[in-house]
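S.K.: Residue numbers (this note's numbering): 79 to 208. C-beta: ideal position from N, C-alpha, C; glycine also. Everything numeric in this text was worked out from a predicted model, so none of it was measured.
1. I want to know whether the segment 91–105 touches the segment 161–173 - three or more CB-CB distances under 8 Å.
2. Whole alpha helix (DSSP H) runs in the segment 175–201 with 4 or more residues, listed along the chain?
3. Report all residues from its chain with a CB closer than 7 Å to the CB of residue 146; omit the five preceding and five following residues, and keep chain order.
4. Report the rounded CA-to-CA distance for residue 134 versus residue 162, giving the unit in angstroms.
5. Check the C-beta distance from residue 140 over to residue 160 and give it rounded, since I have them as a contact under 8 Å.
6. Would you mind sorting residue 79 into buried or exposed? The rule is 16 or more other CB atoms within 10 Å of its CB.
7. Tell whether a beta-carbon distance below 8 Å holds between residue 155 and residue 108.
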């Protein structure tokens, strides 16, 4: 059974590569990028810092993490992208960056369970259009 490491988006960029290389050398099967963030930009500064933030504010950074992990890990490792998936485009961003799978949660909270069908329907059309 595969064992994956779930990575924080809050570490320095250079440590992501080192951490990924160390995990791969230890025999890890893949990665989940990314966990929630404790960082608050101006838009979210008033939100209490008692827990991690997820959702749209995490998306672009999580996609960048997936892209870097794919470069380090090569094609054999499993990578799950998560963070801010709320539309077909945000789903596709993870796939384009190299994710094998995409996880979503916050989008379901705001869009409801119909979001999954909407994303998959648009993804099927996207594949035919390519």
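M.R.: In brief:
1. Because the criterion of three Cβ pairs below 8 Å is not met, the segment 91–105 and the segment 161–173 do not touch.
2. 184–189
3. 94 and 95
4. 4 Å
5. 7 Å
6. exposed
7. yes
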